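J.: Residue numbers (our numbering): 28 to 453.
Got a structure for you, written out below as C-alpha cells; questions coming shortly.
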Amino acid sequence: MLAAMPQPPSAASRDEPAIRDRGDACPGALRLHAADDGYLARVRIPGGLLTTAQASALGLAADRFGDGHLELTSRGNVQLRGLADGCGAGLAELLDGAGLLPAPGHERVRNVVASPLGGPRLVHRVRELDRLLCGSARATGLSGRFLFALDDGRGDVAALDPDVTVLGSGDRLLVRLGAAAGAVEVAAGDAPRAALLAAEYFLDAAEAAGTRAWRVAELSDGHALDGGEFALRLAAAGIGADRLPEVAWPHAQPPRPGVHGDALCVLPPLGRLGSAQWRVLAEVADSAGGELRVTAWRSVVLPGAAAPGPGPAGGRAALEAAGLVTVPGGPWQTVTACTGKPGCAKSLADVRADARAVVQEAGDAAALPVHWSGCARRCGHPRGTAWVDLVATPDGYELDGRPPTPFADLAAALMTARTTTTPASQ
C-alpha cells in the first residue's frame, strides 16, 4: 500500500500567517499577464453563467486576439492565451459589449463558483451577489484569489476551500466563514448581502492584522474571523441571523460527463478547447436552454441539452465529433494539468502532451484523480478531493513525492498509484 498523498504547499495548514510584501498580481481581463506564449487574460464569469451570445463573444476574442483556444479554470472562469501586445483596448471593448466586463476596479474580484446543476433560485443569488459586489467600493480591496461559493445544498462547491460559502436551497441558508465548523443562518433573500458583508468583515480583519492577507485562511489566530462577531455585524445591517456553532457539512462529487436530469455535462480534455469546439458547445446550448455553465472542474453544463426531443441526440453527436466527452467513464474524466510548456516559463515539462501520451494506459474514471504539474507550485490542482500528485522535475516526474520515475515507466506507476494509494483527507 502506497503512502497517502502529501498535502501540496497551497493546501497545507499554516503555523504562521502569510505576510505579503506586494499586492495581488492575479491576472484579469484588463490586467493581462505576460506568459511565454504571449499575454494571458482571465475573464471572470460569476457562477460560470454564460449566455450563448457571451460564449460567442469569448470565442471571437480567442480568434481575434489570441491563439484560437479557450481554457477553463478551476474556478469556473475562462482564460485566453497567446494574446498580442497592445490588444487590451480591443479585447476590453469586445468583452464590455458582451456584458462580461464590469467597472475596472471590480473585474478581478468576481470570483464566484456555484453548483452547476442548481436551479433558478441559485442563479438569482449568483446574479444578486455579483450585482452587490460590483456596487461595493469596499469590495475592490479583495484580492483576485478571494473566493465565494454558492452551493445549493449538495456540497459540491462548498468543498472547494471557499472564503465565504452560502449553502442551502430552502428559505433559510447557511453562511460560512472560511473553513469554520459552524455558520450563521439567514433568510434566503438576505444571503447575497450577508456574503458581501462577510467579505467586508474579512477586509477589516486583514487590515487590522497588517499582513496583506488575500484569503481567510491566511489570517493569524489573533485576527481570525469569529461567527459571533459576524452575527453582530449582520444584525447591525438589519439582517437577522442565527448562529450555529457546528454544522454537518455535506460533500458531493462534481457532476461527471453525461446526462443529469435535462442537463448535459460536457468535458473538454484537460479543460482546453479550440474556438471551433467552443462554437459547437455554444450552438448546442443555443438549441437547448440558451445557457452554458462553466464548472469549477473544467467542464461545461448545458441546461436543457439532455431534454427529450429530436435535438439532443444530434447535439451530443456533434459534441462528440468535436472531440468533447459527453458520457461518464473514460480516461479523461479525472485527469487535469497545469498550462506547462511552452506557455509557462516556470514549467519543466509539456505536461499536457505528456498526459495525452499516457492517458489511455494510466487508469480510468474509477481511479483516483491525477493532476500533472509542471513545477512545485501545482497550479490548478484539484480541490475538495484526494488526488495523485505528479510534479515535473529536471530528472523526470515525481509521483506523490517519491524519486522521479522514468517516463517509460510512468503509465504503469500512475495506474498503481491511482488504484492503490490511500486517499488523503478531503
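Note that the Cβ used here is the ideal one computed from N, Cα and C, for glycine as well.
No experiment lies behind these values; they were computed from the predicted model shown.
Is Pro33 helix, strand or coil by DSSP?
T.: Residue placement at Pro33 cannot be trusted, given a pLDDT of 35 that sits under 50; the coordinates are not used to answer.
J.: Is it true that the CB of Val193 sits closer than 8 Å to the CB of Leu204?
T.: No, these two residues do not count as a Cβ contact at 8 Å.
J.: Between Gly195 and the rest of its own chain, which residues show a CB-CB distance below 6 Å, the 5 nearest in sequence each way excluded?
T.: Closer than 6 Å at the Cβ level, and outside the excluded window around Gly195, lie Gly180 and Leu201.
J.: Among residues of its own chain, excluding the 5 on either side of Leu230, which ones have a beta-carbon nearer than 6 Å to its beta-carbon?
T.: Answer for Leu230: Gly168, listed in chain order.
J.: Under 8 Å by Cβ, that's how I've got Ala176 and Leu224 pegged, so tell me the actual separation to the nearest angstrom.
T.: No, Ala176 and Leu224 are not in contact; Cβ-Cβ is about 16 Å, not under 8 Å.
J.: Among Leu85, Thr412 and Asp313, which has the Cα closest to the Cα of Asp123?
T.: The residue with the shortest Cα to Cα distance from Asp123 is Leu85.
J.: Looking at Ala125: is its Cβ nearer than 8 Å to the Cβ of Ala80?
T.: The answer is yes: Cβ separation under 8 Å.
J.: Is Val385 helix, strand or coil when you go by DSSP?
T.: Note: Val385 maps to helix in three-state DSSP.
J.: Can you give the beta carbon distance from Ala186 to Ala244, rounded, assuming they're within the 8 Å contact cut?
T.: That pair is no contact at about 15 Å.
J.: Taking the alpha carbon of Ser400 as the point to measure from, which residue in Asp436, Thr363 and Pro431 has its own alpha carbon closest?
T.: Minimum Cα distance to Ser400 is reached at Thr363.
J.: Who are the near neighbours of Lys368 in its chain, counting only those whose CB is closer than 7 Å to its CB and skipping five residues on each side?
T.: Counting only Cβ-Cβ distances below 7 Å, and skipping sequence neighbours, we find Ser374, Ala376, Asp377 and Gly401.
J.: Since Cys161 sits in a beta bridge, which residues does DSSP pair it with?
T.: Looking at the DSSP assignment, Cys161 forms no beta bridge with any residue, so it has no partner.
J.: By how many angstroms is the C-alpha of Val354 removed from the C-alpha of Val307?
T.: Answer to the nearest angstrom: the Cα atoms are 17 Å apart.
J.: Curious, which full-length beta strand (DSSP E) runs of at least 3 residues does the stretch 303-375 contain?
T.: The qualifying runs are 318-321, 327-329 and 362-364.
J.: Which residue's Cα is closest to the Cα of Pro277: Ala208, Glu318, Ala303 and Leu329?
T.: Nearest of Ala208, Glu318, Ala303 and Leu329 to Pro277, Cα basis: Ala208.
J.: What is the rounded straight-line gap between the Cα of Gly350 and the Cα of Gly342?
T.: C-alpha separation (whole angstroms): 13 Å.
J.: Less than 8 Å between the CB atoms is what I'm expecting for Val328 and Pro143, so what's the real figure, rounded?
T.: That pair is a contact at about 4 Å.
J.: What does Gln106 pair with, by DSSP beta-bridge criteria?
T.: DSSP lists Arg69 and Glu98 as partners of Gln106.
J.: Measuring CA to CA, which of Ala218, Gly249 and Pro219 is closest to Ala233?
T.: Ranking Ala218, Gly249 and Pro219 by Cα distance to Ala233 puts Gly249 first.
J.: Suppose the cutoff is 8 Å on Cβ atoms and the five residues either side in sequence are ignored; what does the same chain contact list for Asp198 look like?
T.: Correct list, in chain order: Ala214 and Ala215.
J.: Is the beta carbon of Val415 closer than 8 Å to that of Val397?
T.: Yes, the Cβ-Cβ distance between Val397 and Val415 is below 8 Å.
J.: Going by the beta-carbon positions, is the gap between Leu59 and Ala52 smaller than 8 Å?
T.: Taking 8 Å as the Cβ cut-off, Leu59 and Ala52 do not qualify as a contacting pair.
J.: Can you name, in chain order, every residue of its own chain whose Cβ lies under 6 Å from the Cβ of Pro219, other than the five neighbours on each side?
T.: Hits under 6 Å: Arg152, Glu155, Leu156 and Leu159.
J.: Since Leu127 sits in a beta bridge, which residues does DSSP pair it with?
T.: Partner(s): none; Leu127 has no beta bridge.
J.: Give, in chain order, every unbroken run of the beta strand (DSSP E) that is at least 3 residues long and sits entirely within the stretch 129-191.
T.: Listed in chain order, the complete beta strand (DSSP E) runs (minimum 3 residues) inside the stretch 129-191 are 139-141 and 175-178.
J.: Exposed or buried, what is Gln34 when buried is set at 16 or more other beta-carbons lying within 10 Å of its beta-carbon?
T.: Confidence at Gln34 is low in this model, with a pLDDT of 35, below 50, so the placement of that residue should be treated as unreliable; the coordinate-derived value is given next. Result: exposed.
J.: Per the DSSP calculation, Thr432 is bridged to which residue(s)?
T.: Tyr424.
J.: Closer than 6 Å by C-beta to Leu77: which residues in its own chain qualify, once you throw out the five before and the five after it? Chain order, please.
T.: Same-chain partners within the cutoff: Leu319.
J.: Tell whether a beta-carbon distance below 8 Å holds between Ala334 and Asp289.
T.: Going by C-beta atoms, Ala334 is nearer than 8 Å to Asp289.
J.: Assuming contact is defined by CB atoms lying nearer than 8 Å, are Arg108 and Ala56 in contact in what I supplied?
T.: No, they are not a contact pair.
J.: May I ask you to list the residues that DSSP assigns as paired with Thr78?
T.: Its beta-bridge partners are Glu318.
J.: Could you check the C-alpha separation between Leu252 and Val139 for me, to the nearest Å?
T.: Distance between the alpha carbons of Leu252 and Val139: 20 Å.
J.: Determine the closest residue to Leu417 out of Arg410, Pro409 and Asp427, with distance taken between C-alpha atoms.
T.: It is Asp427.
J.: Going by the DSSP bridge assignment, what does Glu273 pair with across the sheet?
T.: According to DSSP, which records beta bridges pairwise, Glu273 is partnered with nothing at all.
J.: Any idea if Arg165 is buried or exposed, counting beta-carbon neighbours within 10 angstroms, 16 or more meaning buried?
T.: Answer is exposed; the Cβ neighbour count stays below 16.
J.: Looking only at C-alpha atoms, which of Pro421, Leu437, Leu441 and Gly407 sits nearest to Ser101?
T.: Of the listed residues, the one whose Cα sits closest to Ser101 is Gly407.
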